[in-house]
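Mind the numbering: the sequence shown is residues 15 to 184 in my numbering, read in order. Step one of this worksheet: look at the structure below.
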Amino acid sequence: MNTPTPPNPAASPESPLAISVQYVKDFSFENPNAPQSLTDMAQSPSITVDMNVDANQLGERQFEVLLRLGAKAEKDSRTIFEVELVYAGICQVNAIVPQEQISPLVMIEAPRMLFPFARGIIANATRDGGFPPLLLNPVNFVALYQQMAAQQAAQREAQAGQAGGADNAI
């Protein structure tokens, strides 16, 4: 009887991205109208959510990735609660990753790995603030990256156009 040999983990290729540490960099929860906001829950508040991703290069292939999340609940133009979180991770990009793939890897895959932890912190904060937990929907980090890249390209074009226009005016 032949039993299959399990794959040797040492023989598998290394992950292209490794997060060595993750942490709360900044956090704020405000419940400015408590206890009134906690006793009048007949009508659901409107909730707006903001998200942004940034990265700071720490070394040759080491980055601090910042996932910025904010949520604000309002009812009758009054703030019910507001939560802001900057959740960060330090990641190392494997040397086998080509240079042109580093930015998408850092700005898509790292936030994707950090998001569930940040989501849990926000859910716990709203629950601990006396409200039902705010469960953020999954995020399409590919679309977010493409949107940020398009905005940066538009800004570069606008700056190039202004520089060209200034030369023509002289």
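Quick reminder that beta carbons are idealized off the backbone N, C-alpha and C, glycines included.
- The secondary-structure analysis by DSSP pairs Ile122 with nothing; it has no beta-bridge partner.
- Straight across, the Cα-Cα distance linking Gly144 with Ala56 is about 14 Å.
- Unbroken beta strand (DSSP E) stretches of 3 residues or longer found wholly inside the segment 87 to 174: 92 to 107, given in chain order.
- Put simply, the segment 112 to 126 does not touch the segment 86 to 99. Fewer than three CB pairs are less than 8 Å apart.
- The residue among Val67, Ile94, Asp68 and Ala137 with its C-alpha nearest the C-alpha of Ser51 is Ile94.
- DSSP places Gln36 within a strand segment (E or B) once states are collapsed to three.
- Taking a contact to require three or more Cβ pairs closer than 8 Å, the segment 106 to 113 and the segment 135 to 144 do not qualify as touching.
- According to DSSP, Met65 shares a beta bridge with Leu83.
- Linking Pro30 to Val79 through their CA atoms gives a straight-line distance of about 15 Å.
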